[in-house]
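If you count by this note's numbering, then the sequence shown holds residues 112 to 165, one letter each, in order. Think of the CB as a built atom: it goes at the ideal place given N, C-alpha and C, for glycine as much as any other residue.
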Amino acid sequence: MIAEFGLRQKDLIPIFKTESIVSKVLSGQRKLTVNHIAHLAEFFHISPTAFFES
Numbered sequence: 112m113i114a115e116f117g118l119r120q121k122d123l124i125p126i127f128k129t130e131s132i133v134s135k136v137l138s139g140q141r142k143l144t145v146n147h148i149a150h151l152a153e154f155f156h157i158s159p160t161a162f163f164e165s
């Protein structure tokens, strides 16, 4: 979705608080928290369930 919306990692800092956390989440080194999922869902205007594996 980041590429689809034309965003950069820096654009997600308000959600994750630091660019290093953004980087770790995007690379799979760190998992999303419930708080991250809630903020991402609001940011992208989608359901939080979109962030859970099926």
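Note to self: Check for me: the alpha helix (DSSP H) holding residue 125 runs from which residue to which?
What the structure shows: 124-127
key: Environment of residue 133 [buried if 16+ CB atoms lie within 10 Å]   = buried
Beta-carbon separation (whole angstroms), residue 126 vs residue 150, contact threshold 8 Å
4 Å
### Query
Distance, Cα to Cα, residue 112 vs residue 135?
17 Å
query: By Cβ distance, which residues of its chain are closer than 7 Å to residue 143, with the 5 residues on each side in sequence left out?
result: 136 and 162
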